[in-house]
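Have a look at the structure below, then the notes.
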Amino acid sequence: MIFSLRGWVLILLFGAVGCAGRLPRVEVLGGTEVRVCKVAVIPFKNESANPVVARMLYRLLLSKMVAEMDFDVVEEGAIRSFMMYEHIMPGQFFSFDLVRLLRERTGAQAVVEGRVIEAEERGGKVVLSYFLWMKDTLTGRLLWSVYHRRTGEDYRRVLHFGKVSLLSELADRMLDETLSELRKKGLKGCGR
Amino acid sequence: MRRLPLLLAVLLLAGTLRAQIAVFPFEDLTLGLNGVNFKVSRMVAKRLEDMGLYVVYPEQVVGLLSEYRVMWTGWVDRVTADRISRRFDARYILLGTVLEYDPKRFAFGVSLRILDVGDYRIVWTSRTFFSEEDKISFLGIGPKGWEFFLAEALDRLLARMPAEELKAVAKAPVMDVSRAIVSPKYSRPGQEVVCKVKAEVSGKQPNKVIFEVEKVGEVVAKREGDFYVAKWISPDVEGRFGVSIEAIWGKKLRKRMFVASYYVDKTPPVFNMKLMGAVNIKGKLVVAKKMAVGLEFERREPIKRWRFRVLSEDEGGGKEVVSYVSMGEAPSKFVWNEETESGPIGNGEYVVELTLWDRAGNSYTESRKVYVVRNLADLVVKAYQEADGIRMKIKLANFPLPISDWRVAVWSEDGEIFDEKAGEGMPREVKFSLKADGNRKLFYTVELMDESGNWWKVDRKPLVLTKVGVKERKKGSGWVDDF
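Line order of the protein sequences matches chains G and Z. Oh and the first sequence: position 107 is 98 in our numbering, straight run, nothing missing. For our numbering, count along the second sequence from 1 and bump the result up by 14.
What follows is the structure in structure tokens.
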């Protein structure tokens, strides 16, 4: 035996922790069993140094929620118009009253909000972390929240193959993982 | 996503042929939050066009965006979307975001979404990325350039588009009328009317095109070059009637469009001719110096053509003295100075005739017989040398206007007035206490004013004196012959 039992346990624990850190951390609070079809995605707050990453993530999430989750997503123009009418600055979170008002105006059963916490793209190395959550527009209850962080290196397989060097591609893959986890937890769109 | 085929099917069944897609200039996040990328948006638009869709290019859209002062291209509010839809007849709007664009690093990423303007919903989305990693094939086979990868990325981007459904819509033809000519636009009952319509057709040409002519019925159109042509006979009903065109594809698909109106008019432009300044003397209309004809319409309508004629009543009548013809609206007053190309007309009876044609070609003619007085051509003056002076006999023939005032003067050859007399009414005889000298020549001037206030004058005519007791010459009265 090269390793003792204690050694094997440590190796397995290290591996498990490493893998766990790469997966999105999904918290289901209000519950994914709440049936939501029409969703309004509110422009994300950007806390990173990259000025465009929040919009990039926003556009990708919109695309995925329509194409892969079969949600009826309220067009961004409707959200932006609502924000202009209500004098809400981009990145500002919606109060419950505003969420209710948005429901009345757009018919959205839920809103998705988010924060980009970290975004870097330097020398082919990329890193991104974000926090997303969904609220019921009728009750204001938090339905689920997701925290996710990844680097481009996390996807490297053999040599340089698989490595992600574009921030947008990293965001795309991370959103795939996020939605996949949410799907596993029971989240579905209009198609059920 | 699943609604798209259903929507398209509904559109087809409803006969709605709008299937254009307006491609917005793409938002380019590599250039910042307000970046715009025309190149990629144009490439995508071209791809969609190649797929058989009817595409409104970003260059066309951007003009409208600036007109509505829209400063962003990544999203569109409902009102702007609707305006664009109406302007371009576009059912869908394609919005795109360039996420990565770096030819040196072989970095490219784009996200697309199609918005159905009808219910303002996202009906399709797609995105694609490629990077340096994709440039290197597993076995290192290459080299492959930027344009190649860009093309490949666009293939990948649009591969998931529900092409068949979109193509089905794209194949559904769109017809729009770009020009419609109705000739004549105003017609009389029984007249042939021709309508030519130039129709722009996207996609399959219609199997049949029918003109629906109000009060006439359906008329099958013939194709003449770029135009669909139909002919019909105007009905015997007055009014404005519509002409629609109906294009028929197969058994179910029809599109009807209003193209033009035509008018049927059988009423001539009836008017009353008013001779201004004419004096009625013993049932005869007498006009002096200038002729002015005014018009009074029973029902005013636009006039297409008019003709003003004066016919002489001499030598059996009907001889045209003057004729003016012109296109367009008739003047409210016709004024003629009673002159022709060969000079002033003489005193006498004439017929003034005015003809008007309306837009449908209905004509109406009104005429009046008038006596025209132009001069004192028939004024006869005879002068007699008497012991106590000169006696002038004045006789005026063919002058129907009553004379209210007169003045007669006798002049020397040098222009010196020897004597002058004036009075009211028509003078028959005027006497001057002037002794004639046989050596010097005398001249006379006769001025008459008619009751309308016109002055008539015979100026500085040689005065031929006849001694009393000497037989008057048989031939004429001297100056009258000269005249």
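In this text, a Cβ means the ideal position worked out from N, Cα and C, and glycines have one as well. Since the structure is predicted, the reported quantities are computational estimates derived from the model, not experimental observations.
Exercise for the section: For my contact list, Z:Ile317 and Z:Glu260 are in at a C-beta cut-off of 8 Å; report their separation, rounded to the angstrom. Expected result: Rounded, the Cβ-Cβ distance is 36 Å, inconsistent with contact.
Handout entry: Delimiting residues of the beta strand (DSSP E) encompassing Z:Phe457
Key = Leu456 to Asp464
Handout entry: Interface residues of chain Z facing G:Glu104 [CB-CB closer than 7 Å]
Key = What G:Glu104 touches in chain Z: nothing, since even the nearest Cβ is about 17 Å away.
Practice task
Determine the contact status of Z:Gly110 and G:Ser159, defining contact as a CB-CB distance below 9 Å.
Solution key: no
Practice task
Please state if the CB of Z:Ser201 and the CB of Z:Ala59 are separated by a distance shorter than 9 Å.
Solution key: no
Problem - For G:His139: DSSP bridge partner residues - result: G:Tyr121
Problem - Contact list for G:Asp163 against chain Z, beta-carbon separation under 7 Å - result: Arg141 and Phe143
Handout entry: Min CB distance Z:Val90 to chain G below 9 Å
Key = yes
Practice task
Would you mind sorting Z:Val208 into buried or exposed? The rule is 16 or more other CB atoms within 10 Å of its CB.
Solution key: exposed
Handout entry: Environment of Z:Ile404 [buried if 16+ CB atoms lie within 10 Å]
Key = buried
Exercise for the section: Show which residues of chain G have a CB atom less than 7 Å away from the CB atom of Z:Glu114. Expected result: Leu157 and Ser159
Problem - Whole-Å CB distance - Z:Thr480 paired with Z:Lys396, under 8 Å assumed - result: 7 Å
Practice task
For chain G, find out if any of its Cβ atoms is closer than 9 Å to the Cβ of Z:Leu164; answer yes or no.
Solution key: no
Practice task
Tell me whether Z:Lys455 is buried or exposed, calling it buried when 16 or more other Cβ atoms sit within 10 Å of its Cβ.
Solution key: exposed
Problem - Endpoints, the alpha helix (DSSP H) within which G:Val19 is located - result: No alpha helix (DSSP H) holds G:Val19; the beta strand (DSSP E) holding it covers Arg16 to Val19.
Exercise for the section: Please list the residues of the segment 40 to 58 of chain G that have a C-beta atom closer than 8 Å to any C-beta atom in chain Z, keeping them in chain order. Expected result: Pro42, Val43, Arg46, Met47, Arg50, Leu51, Leu53, Ser54, Lys55, Val57 and Ala58
Handout entry: Spatial neighbours of Z:Lys280 in its chain, beta-carbon cut-off 8 Å, leaving aside the 5 residues before and after
Key = Arg202, Pro203, Asp250, Glu252, Ala374 and Asn376
Exercise for the section: Can you tell me the Cβ-Cβ gap for Z:Phe432 and Z:Leu448, rounded? I've got them flagged as a contact below 8 Å. Expected result: 5 Å
Problem - Start and end residues, beta strand (DSSP E) containing G:Lys179 - result: It is not in any beta strand (DSSP E) - G:Lys179 carries neither H nor E in the DSSP assignment.
Practice task
Label Z:Ala184 either buried or exposed according to how many other C-beta atoms from any shown protein chain fall within 10 Å of its C-beta, with 16 as the threshold for buried.
Solution key: Confidence in Z:Ala184 is poor, its pLDDT being 48 and thus under 50, which makes the residue's placement too unreliable to answer from.
Problem - Endpoints, alpha helix (DSSP H) assigned at Z:Gly77 - result: Pro72 to Glu81
Problem - Beta-carbon proximity check, Z:Val482 vs Z:Glu400, cutoff 9 Å - result: yes
Exercise for the section: Would you identify the three-state DSSP class for Z:Lys60, choosing helix, strand or coil? Expected result: helix
Exercise for the section: Could you tell me whether any Cβ in chain G is nearer than 9 Å to the Cβ of Z:Ser99? Expected result: no
Problem - Span separating the alpha-carbon of Z:Tyr115 from that of Z:Ser145 - result: 10 Å
Handout entry: Inter-residue spacing [alpha-carbon to alpha-carbon] between Z:Pro499 and Z:Tyr385
Key = Limits of chain Z in this structure are 15 at one end and 497 at the other, which puts residue 499 of chain Z out of reach.
Exercise for the section: Indicate the three-state DSSP secondary structure (helix, strand or coil) for Z:Lys53 in the structure shown. Expected result: helix
Problem - Per DSSP, cross-strand counterpart(s) of Z:Met305 - result: Z:Trp350
Problem - Cβ-Cβ distance between Z:Ser418 and Z:Asp473 below 9 Å - result: no
Problem - Span separating the alpha-carbon of G:Leu119 from that of G:Glu172 - result: 18 Å
Handout entry: Environment of G:Phe5 [buried if 16+ CB atoms lie within 10 Å]
Key = With a pLDDT of only 42 at G:Phe5, under 50, the local geometry of the prediction cannot be trusted, and the value read off the model is given with reservation. The residue is exposed, with fewer than 16 neighbouring Cβ atoms inside 10 Å.
Exercise for the section: Tell me whether Z:Lys236 is buried or exposed, calling it buried when 16 or more other Cβ atoms sit within 10 Å of its Cβ. Expected result: exposed
Practice task
Have a look at G:Glu18, G:Gly105 and G:Leu123 and flag the residue whose alpha-carbon is nearest the alpha-carbon of G:Pro81.
Solution key: G:Gly105
Practice task
Alpha carbon to alpha carbon, how far is Z:Val365 from Z:Asn286? Give it in angstroms, no decimals.
Solution key: 15 Å
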